[in-house]
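Peer 1:
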Amino acid sequence: MQIQPAASAGGLVCLVADYRPFALFVCNPITKVARQLPPRICKRRPRIVCMVVDRLAQGYKIIAAGGYRTDDDRWTTEVFDSMTSSWRVSGSLLQEELTKRAISCRGSLYCLTCGPNSGLLEYNIQHEVWSRVKTQRMPGNVKSRQLFECKGMIGIVGKASRNQTLGLCIWFLDLKTMKWVEYGRMPPDMFDRLYKKWPCDSMYCAGYDDVIFFTRFYSPLGLIFSLSKGQWEWVPPCPLLRDGALNVPRPRNWSVFQHELDGFSFEPRLDATPFYNN
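Per the numbering used here, the very first residue in the sequence shown carries number 335; after that it's consecutive.
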């Protein structure tokens, strides 16, 4: 059995457990309080899982989308509400192939679609409706494109060529013009180091406050970019990876992940609890 984080918000982390039946947990890693959520209506693993916390209402919601197709060939969406401690079927998802990453921003859930007509989808959490966001041409290479949220802005990071030189760029969506505006570009020496040894196109990024974290699949390297300072820097080596400084128990299939750095944004809070409804 493998348990891994799928989403986080307001000091809580949503974990997925890959055993049958598929299970979801919510925990506060700081207080070490956790709960297993009731079984979902759909037994298949959802394509995306996202989490939002409402501190005023003292509750949270888990959105799981892409579990299976309905009779009219649309993906289902399920919402868990901590106030009722139950799942319900929400608005059906457009017939699109989804990426596995989703973000929460300004009261909506956003995710990217795959393929040559890749675009941006929005799920309005209040009205429980999916729609395609009409923006100008999506930036970056479709294979390396990743969505993130930072300071209330929707961003994309991906590979792009300039003057016949390949690099990694950051774009933010201008909500007035609906254009993707380039904000930063990784220095060539950092890009070469990150991509030369590990040629996989897939990558991972996460935003928190004014900092964006980057890493590559199957790579132990990671970088952060500060929006306020406009600076790139390498993160220290992770002690949990092979040859790391910590002597911690390794899972049986550790050899698969021993060189790979991963992560997610998290805001430590002592007042966050998985049992908001109690």
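Virtual Cβ for every residue (Gly too), placed ideally from N, Cα, C. Here the structure is a predicted model, which means the values were calculated and not measured.
Looking at C-alpha atoms only, which residue of Met487, Leu500, Arg527 and Tyr552 is the closest neighbour of glutamine 561?
Peer 2: Along the sequence shown, one-based indexing puts residue 561 at 227. Correcting the residue identity first, residue 561 is leucine in this sequence and not glutamine. Among Met487, Leu500, Arg527 and Tyr552, the Cα nearest to that of leucine 561 belongs to Met487.
Peer 1: Rounded to whole angstroms, how far is the Cβ of proline 554 from the Cβ of tryptophan 514, which I believe are closer than 8 Å?
Peer 2: For the purposes of this step, residue 554 is taken as residue 220 along the sequence shown, with counting starting at 1. For the purposes of this step, residue 514 is taken as residue 180 along the sequence shown, with counting starting at 1. About 30 Å; that fails the 8 Å criterion.
Peer 1: Quick check: what's the CA-CA separation for proline 355 versus tryptophan 566?
Peer 2: Here residue 355 corresponds to residue number 21 of the sequence shown, with the count starting at 1. Here residue 566 corresponds to residue number 232 of the sequence shown, with the count starting at 1. Cα to Cα, the separation comes out at about 42 Å.
Peer 1: Out of Ser426, Ser424, Cys376 and Ser438, which has the shortest C-alpha to C-alpha gap to alanine 340?
Peer 2: Locating residue 340 in the sequence shown gives position 6, where the first residue counts as 1. When only C-alpha atoms are compared, the closest one is Ser438.
Peer 1: In the structure shown, what three-state DSSP assignment does tyrosine 280 receive?
Peer 2: Here the chain covers residues 335 to 612 and nothing more, so residue 280 does not appear.
Peer 1: Ordered along the chain, which non-local residues of its own chain (more than five positions away) have a Cβ less than 7 Å from that of phenylalanine 591?
Peer 2: For the purposes of this step, residue 591 is taken as residue 257 along the sequence shown, with counting starting at 1. With a pLDDT of 47 at phenylalanine 591, under the threshold of 50, the predicted position of this residue should be treated as unreliable, and no value is reported.
Peer 1: Going residue by residue through the segment 427-452, where are the continuous beta strand (DSSP E) segments of at least 3 residues, counting only ones entirely within it?
Peer 2: Runs of the beta strand (DSSP E) inside the segment 427-452: 432-439 and 442-447.
Peer 1: Between which residues of its own chain and leucine 443 is the CB-CB distance below 6 Å, once the five residues before and five after are set aside?
Peer 2: One-based indexing of the sequence shown puts residue 443 at position 109. Excluding sequence neighbours, leucine 443 sits near Cys384, Ile397, Ala436 and Tyr457.
Peer 1: Tell me the residue span of the beta strand (DSSP E) that contains isoleucine 488.
Peer 2: Position 154 of the sequence shown, counted from the first residue, corresponds to residue 488. 487-496 is the span of the beta strand (DSSP E), which, as asked, contains isoleucine 488.
Peer 1: What does DSSP give as the partner residue(s) for glutamine 480 in the beta ladder?
Peer 2: Your numbering for residue 480 matches position 146 in the sequence shown. According to DSSP, glutamine 480 bridges with Val491.
Peer 1: Can you grab the Cα-Cα spacing for the pair arginine 378 / glycine 400, in whole Å?
Peer 2: The residue given as residue 378 occupies position 44 in the sequence shown. The residue given as residue 400 occupies position 66 in the sequence shown. Spanning the two alpha carbons is a distance of roughly 9 Å.
Peer 1: What residue range is occupied by the uninterrupted beta strand (DSSP E) comprising proline 355?
Peer 2: Within the sequence shown, the letter at position 21 stands for residue 355. Per DSSP, proline 355 belongs to no beta strand (DSSP E) and is neither H nor E.
Peer 1: When you compare only the Cα positions, how much space is there between glycine 312 and leucine 502?
Peer 2: Because the chain is modelled from 335 through 612, residue 312 falls outside the range shown and cannot be assessed.
Peer 1: Name, in chain order, the residues that DSSP records as bridge partners for glutamine 338.
Peer 2: What you label residue 338 is simply residue 4 of the sequence shown in a count that begins at 1. Its beta-bridge partners are Val350.
Peer 1: Among Gly597, Gly564 and Pro521, which one has its Cα closest to the Cα of tyrosine 552?
Peer 2: As a working note, residue 552 is residue 218 in the sequence shown. Of the listed residues, the one whose Cα sits closest to tyrosine 552 is Gly597.
Peer 1: Among residues of its own chain, excluding the 5 on either side of phenylalanine 506, which ones have a beta-carbon nearer than 6 Å to its beta-carbon?
Peer 2: Here the question's residue 506 lines up with position 172 in the sequence shown. Hits under 6 Å: Met487, Gly489, Val515 and Tyr517.
Peer 1: Which of the three DSSP states is assigned to aspartate 415 in this structure?
Peer 2: For the purposes of this step, residue 415 is taken as the residue at position 81 of the sequence shown. Looking at aspartate 415 - three-state DSSP - the assignment turns out to be strand.
Peer 1: Run through the DSSP bridge pairs and tell me what tyrosine 317 is partnered with.
Peer 2: Given a span of 335 to 612 for the chain in the structure shown, any question on residue 317 remains unanswerable.
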